[in-house]
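Let me begin by presenting the structure, written as structure tokens, before commenting on it.
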Amino acid sequence: TRQIQLAARPHGEPTQDDFRLVHVELDDPGPGQVLVRNLVMSVDPYMRGRMNDVPSYAPPWRLDEPAQGGAVGEVIASADPAVAAGTLVVHNAGWREHALLGAGEFRPVAPLPGLPSSLYLGALGMTGLTAYVGLFRIAAFSPKDTVFVSGAAGAVGSMAGQLAKLQGSPRVIGSAGSPEKVRHLLDDLGFDAAFDYHDGPVSAQLAEAAPEGIDVYFDNVGGEHLEAAIGAMNVFGRAAICGSISGYNATERPAGPRNMSLLTGRRLTLRGFLVYDNADLQDEFDAMVRPALYDGLVARETVVQGLDDAVSAFIGMLRGANTGKMIVRLAPD
Ligand code: NDP
């Protein structure tokens, strides 16, 4: 079977040479283990951080070992009496075609009638839960709030914007990196306003899109977007600081928002969070999103085929090649 290993640690933007595709032999499952054939794997922005050898909430990937990340697979051999062959499982041994997993290293999930298993990596998985946690718990969304989402055409952002609309927001504004993505936000996802951040200063475009200001900011991007959002916030506004992808490949520390003094007079809250601390919301998230997927919620994916192109998918995602969740498909459902 084949897997992708970390070959080198990048400086700036990652390249193909930072990874290596290798053939390995896997043992049969030992007592309590299962052998899983991966169907889909995830590439995510936080993986850029795991390529660096610096302490972080997710430990660095090790050189010359398989990279890790979310995946959905099918159990094809089981030495765990509680898990039958054929069971669909979500786990963290992505970047490889097959994985040997022990008890506690996977979570069985139900097949999704009529929908792809990759939703367990996106809308119904880590990125969907991130949107849910950020919007409802961290930003304490309430139905009268005007919401601004950056990275709005991506996996997390597209869910955050749609969930805000679903729960009654009168105005949801999104920013994204291309005219096609802006059209997608307006035509397919129900955003009320959207702009391409390449078209001019974010602050000016946001002011035009939100003449009455914003109450909630869902920040996927950081940098200029964060400064602009602070500037547009109404009194008692809240920001969920989910990520800052504009800086992930940066080799120097970016300038911070220069308008932090607004936090006092406007009584603003900026709050960072990690989805992992909020697993207690999994069930209520599921109860909202699972039926919505059959009732108009859009879970767009950009699907790249095969492990050979997984690195391209990852590098492409960091550059904006995806609309919705970037998925690598390794085998059919
Ligand atoms: P996306 O699907 O949004 O993919 C990344 C997107 O980032 C690209 O498509 C691109 O879209 C955009 N991007 C790249 N460079 C820039 C830039 N310089 N400025 C603005 N946008 C840029 O990824 P996810 O939805 O998985 O993740 C979104 C954010 O959420 C990330 O910051 C990630 O780290 C964070 N996150 C945080 C979690 C947490 O627990 N706190 C959990 C999961 C994700 P475009 O074409 O619009 O530029």
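So the number in UniProt numbering is just where the residue sits in the sequence shown, counting from 1, plus 4. Where a beta carbon is used, it is the ideal one built from N, C-alpha and C, also for glycine.
Do L266 and the ligand NDP come close, with the Cβ less than 7 Å from some heavy atom?
Position 262 of the sequence shown, counted from the start, is the residue given in the question as residue 266. L266 Cβ: outside cutoff for every heavy atom of the ligand NDP.
Rounding to the nearest angstrom, what Cα-Cα distance links H188 and A157 in this structure?
By 1-based counting over the sequence shown, the position of residue 188 is 184. By 1-based counting over the sequence shown, the position of residue 157 is 153. Looking at the two C-alpha atoms, the distance is approximately 7 Å.
By how many angstroms is the C-alpha of G165 removed from the C-alpha of F145?
The residue labelled residue 145 in the question sits at position 141 within the sequence shown. The residue labelled residue 165 in the question sits at position 161 within the sequence shown. Each residue's Cα considered, the two are about 11 Å apart.
Using a 10 Å radius around the Cβ and a threshold of 16 neighbouring Cβ atoms, would you call S162 buried or exposed?
Here residue 162 is taken as the residue at index 158 of the sequence shown, counted from 1. It is buried - the Cβ of S162 has at least 16 other Cβ atoms within 10 Å.
Any chance you could list the alpha helix (DSSP H) runs of at least 4 consecutive residues sitting entirely within the region 156 to 185, in chain order?
159 to 170
Along the chain, where does the beta strand (DSSP E) containing V137 start, and where does it finish?
The sequence position of residue 137 within the sequence shown is 133, counting from 1. Per DSSP, V137 belongs to no beta strand (DSSP E) and is neither H nor E.
Using alpha carbons as the reference points, say which of P63, W99, D48, N56 lies closest to R24.
Taking the sequence shown and counting its residues from 1, the one referred to as residue 24 is at position 20. When each option's Cα is compared against that of R24, the closest is W99.
What is the DSSP secondary structure of A144, reduced to helix, strand or coil?
The residue you call residue 144 lines up with position 140 of the sequence shown. The answer is coil: DSSP assigns A144 none of H, G, I, E or B.
Is any heavy atom of the ligand NDP found at a distance shorter than 7 Å from the C-beta of R242?
Along the sequence shown, read from residue 1 onward, the residue named residue 242 stands at position 238. For the ligand NDP, not one heavy atom lies less than 7 Å from the Cβ of R242.
Touch check for the region 100 to 108 and the region 39 to 50: three-plus C-beta pairs under 8 Å?
Contact between the region 100 to 108 and the region 39 to 50 is present, with at least three C-beta pairs closer than 8 Å.
Could you compute how far the alpha carbon of R175 sits from the alpha carbon of K169?
Taking the sequence shown and counting its residues from 1, the one referred to as residue 175 is at position 171. Taking the sequence shown and counting its residues from 1, the one referred to as residue 169 is at position 165. Between R175 and K169, the C-alpha separation is close to 8 Å.
For the candidate residues L92, G226, A83, A127, whose alpha-carbon lies nearest to that of A296?
Mapped onto the sequence shown, residue 296 falls at position 292. Relative to A296, the option among L92, G226, A83, A127 whose CA is nearest is A127.
Contacting residues, own chain, Cβ-Cβ under 6 Å from E228 (five flanking each side not counted)
Here residue 228 corresponds to residue number 224 of the sequence shown, with the count starting at 1. So the list reads V206, once near-sequence residues are dropped.
Measure the Cβ-Cβ separation of residue 386 and S46 and say whether it is below 8 Å.
The chain is shown from 5 up to 337; residue 386 falls before or after that span and cannot be answered.
So, with DSSP's three-state summary, where would you put L43?
Start at 1 with the first residue of the sequence shown, and residue 43 comes out as number 39. Residue state, collapsed to three classes: strand.
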